[in-house]
Amino acid sequence: SYLFRAFQIAESIGDTRGSASNLNVIGTIYYRQLEYDKALEYYQKALTIQEKLSNKKQIAAHLNDIGNIYFVQKKYNEAFAKYQKSLSIYTEIKDKEGIARQHNSIGEVHYKQQDYKQALSFFEQSLAIKKEIGNKLGISVTLNNIALIYQKQQDYPQSITFAQKSFDLAMEIKAPAEAKNAMQTLY
């Protein structure tokens, strides 16, 4: 209720950026509560405002959020389209973190569609950028994603190698959720 009130205040004083930010947070709350239709509604409203403001970084972020909803709903083609559009914007504004994130997300779509060659290609691109910018958590996530690809391809030595690297890095940076994911891949 505080967020709705904050949204109303931001809207009443003409703070469009604040309005968009509040709408996005409300969408995220609904997303975490697994209320995807409501989350999508609020993300879409935030996206519309950011498009009017021509705020490219936020447009790309909201497209990613919308893509994530489609992904968890198993609407992979819709997710892919949003991730691709987001990637295009992040590339245009030279946002390496965003580019790496979208490569990983697109790789996950290909993984779910059992196109492991394409998935691996996108994960490797994501990994290279994450290494370049020093995003250790992102590196750990992507290493595990690559391990999962090799597991599906029954290349178990490679799968173990990548999962172990993911686990070791997760432990180093004290990321228990990612360490758990890597352990699940290992065993």
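If you count by our numbering, then the sequence shown holds residues 4 to 190, one letter each, in order.
Ideal placement from N, C-alpha and C gives every residue a C-beta, glycine not left out.
- According to the DSSP assignment, tyrosine 159 belongs to the alpha helix (DSSP H) that extends over 159-175.
- Between the beta-carbon of serine 143 and that of glutamine 154 there is about 16 Å, and that puts the pair past the 8 Å contact cut.
- In this chain, leucine 37 is not harboured by any alpha helix (DSSP H), its DSSP state being neither H nor E.
- In the three-state DSSP reduction, glutamine 154 falls in the helix class (H, G or I).
- DSSP places glutamine 105 inside the alpha helix (DSSP H), whose first and last residues are 99-115.
- For the pair alanine 49 and alanine 84, the Cα-to-Cα distance works out to about 18 Å.
- For the 8 Å CB-CB criterion, tyrosine 86 and glycine 70 form a contact.
- Annotation: the continuous alpha helix (DSSP H) that includes isoleucine 62 extends over 59-75.
- Going by beta carbons, glutamate 181 and asparagine 148 fall outside the 8 Å limit.
- Non-local C-beta neighbours of glutamine 116 in its own chain, meaning closer than 6 Å and more than five positions away in sequence, comprise Tyr79, ordered along the chain.
- Ranking Gln156, Thr145 and Asp158 by CA distance to the CA of alanine 185 puts Thr145 first.
- When rounded, the separation of the alpha-carbon atoms in arginine 104 and histidine 113 is 14 Å.
- Residue range 79-95 is occupied by the alpha helix (DSSP H) that includes alanine 84.
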